[in-house]
Every structure is written in structure tokens, then in C-alpha cells.
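Asks: If you read the protein sequences in the order shown, they are chains A and B. Residues 41 to 139 (my numbering) are what the first sequence spells out, left to right. Residues 115 to 277 (my numbering) are what the second sequence spells out, left to right. Let me give you the structure first, and then I'll get to my questions.
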Amino acid sequence: MYLNQFLLLAAVLFSLGVYGVLARKNGVLVLMSIELMLNAVNINLVAFGAFRDTVAGQVFALFVIAIAAAEVGVGLAIILLIFRNRASIDIDHLDSMKG
Amino acid sequence: MVAQNVVFGVLALVMVVAGFRLVTTQNVVRAALFLAIVLAGVAGIFVLLLAEFVAWVQVLVYIGAIVVLLLFGVMLTRAPTGREGGLDNDQRGVGVLVAASVLAALAAVLVDAFGDDKIAFTRVQRTAEVSDSIFGTYVVPFEVASVLLLAALVGAVALARRD
């Protein structure tokens, strides 16, 4: 199998994640789009690991999964706090630091 | 190799369609379910790349834990769960433009750099090698990741706790 078929699939998923982060205004949906981008990166890491015949790719993918779990935990706690303070998780309304 | 390519094609199609619906659907719960489909597809891709351990970690951690956590987030923030719309902001056009530019740049670079390189699959990377690598070469990053997870746990509790 070609290396590029995996890399291009990951590129498509990453671009969809970029679009989601830019165009969504619900905080939970933005977090989901970030997960999409992290998964695209994981595909790249494992594909390069198989290509170069090294286990480092799989190890790095495992690290990324662990970091993603931590990120989602803290991210959801922040979103929960925003909801508690402002009764909305519409990210467009979080502009109190805008000049 | 033909069977693998057929499986790859089906998985890629399902993942791209589910990913597209994930970023366009107007229903938060459906978005979480489309995310689960994409994550399952990624696990399938890992199996195709002979990385079974990473594939099962993907299923357990992502589909088992993170999707459930996100669904809890949807529930606790009382997001609009019906077909109400209003989940997108007014910069969709710019978003499409940026995403298309990112995709075009990545595709151009990847095709230029790895034109028709093939993955040989001459040797199966066994899970024992992955564990040897984690607890040998990468033991310090592994411990740092443990401390980071602990810090994230404490931080999430400290943030979300009602005083």
C-alpha cells in the first residue's frame, strides 16, 4: 500500500477539523473538531512508523492519545465553568477581553 | 494487497463522510456519534497498519472514554439537542477557505515528498516491542505523561468543583 494514501486521508480529516474549529460556536463541538485533528495526526504517526519500520510511531501515537485524554478533561471542565458563569457555551460571546 | 486496499477505500469513505457530517450537522448528539464513527474508522486504519495495540487503545480510550465524556459535556451544558440550528458562527466562508488552503498545501507537499513510496510491511511490529520501547527508550516521557495526567485530573476537579 502507498504511504500517501494514509497521509492524504489524514490531511482530509485534519482540514475538516480546521473547518470545524473555525466555523462552530458551540464549545463542545470545537473540542470534537480538535479530537478530529489529533486523530489525523495519529494516523500520520503510525503510518510513518510502519513506513520507517520503527515502533517509535506507535509509541508517539500512544502519547498523543494520553495527552488528548488530559486535554478533553481540562477542556470540558473549562467549558462547564463557562456555562456555569454565563449560562451559555457560545464561544462567540466570550469577547470580554476584546478591545 | 487488493483486500487491504478495498478495506482502506471503504474505511476512508466512511471516515470522510462521517467527518464532514461531524462538522456540518446541526445536532450536537449526532455530532458526537459521527465522531465515534470517525474514531472507529481510525482504529480500523491502525489495524490495517498492523498496529493492533494502538487500535485497541484507540477503541478503549477514545470511543470508550472521550466520546462518553463529550456526551456528558453536552448533557451538563444543556446544549440544544434537537434540530435547532445555530451551532455555526458567521465565518463559515472563511473556514471553508482556510480548510481548503490547508488541504491543498498538505496534499501538494505530500505528493511532492512521498510520490509513490510504498509501505513494505516486511516485519510485524509486535506489541512486546512497543512496550519495550515505552519502558526502555521512552521511559522518561512516559513518567512525564503520567504526571501530566495526574495534573490534568486535579485541575479538572479543581475547576469544575462547586465551592
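Each residue gets a CB set at the ideal place from its N, CA and C atoms; glycine is no exception. Source: prediction; values computed, not measured.
Going along chain B in order, which residues have a C-beta closer than 7 Å to the C-beta of residue 74 (chain A)?
Replies: Against the first sequence, residue 74 (chain A) aligns to sequence position 34. In chain order: nothing, as chain B lies at least about 11 Å away.
Asks: Check each residue of the stretch 52-71 of chain A: if its Cβ is closer than 9 Å to any Cβ of chain B, include it; give the result in chain order.
Replies: 52, 53, 54, 55, 56, 57, 58, 59, 60, 61, 62, 63, 64, 65, 66, 67, 68, 69, 71
Asks: Using the Cβ count rule (16 or more neighbours within 10 Å means buried), how would you classify residue 124 (chain B)?
Replies: Working through the second sequence from its first residue, we reach residue 124 (chain B) at position 10. With fewer than 16 other Cβ atoms within 10 Å, it is exposed.
Asks: Tell me which residues share the same chain as residue 85 (chain A) and place their Cβ nearer than 6 Å to its Cβ, disregarding the 5 neighbours each side in the sequence.
Replies: Stepping through the first sequence from its first residue, residue 85 (chain A) is reached at position 45. 97, 100, 101.
Asks: Under the three-state reduction of DSSP, which class applies to residue 44 (chain A): helix, strand or coil?
Replies: On the first sequence, position 4 is the one that residue 44 (chain A) refers to. Note: residue 44 (chain A) maps to helix in three-state DSSP.
Asks: For a test of the three-state rule: what should DSSP assign to residue 246 (chain B), helix, strand or coil?
Replies: For the purposes of this step, residue 246 (chain B) is identified with residue 132 of the second sequence, where counting begins at 1. The answer is helix: DSSP assigns residue 246 (chain B) an H, G or I state.
Asks: Give the DSSP bridge partners of residue 66 (chain A), in chain order.
Replies: Within the first sequence, numbered from 1, the residue matching residue 66 (chain A) stands at position 26. Answer by DSSP bridge pairing, in chain order: A:130.
Asks: Under 8 Å, with one C-beta from each stretch per pair, do the stretch 74-90 of chain A and the stretch 142-160 of chain B reach the 3-pair mark?
Replies: Segments in contact, yes.
Asks: Kindly say whether residue 134 (chain A), judged by its beta-carbon, lies nearer than 8 Å to any beta-carbon of chain B.
Replies: The sequence position of residue 134 (chain A) within the first sequence is 94, counting from 1. So, not an interface residue.
Asks: Taking Cβ-Cβ distances below 8 Å as the criterion, which residues of the stretch 118-132 of chain B are in contact with chain E?
Replies: No chain E appears in this structure, whose protein chains are A and B.
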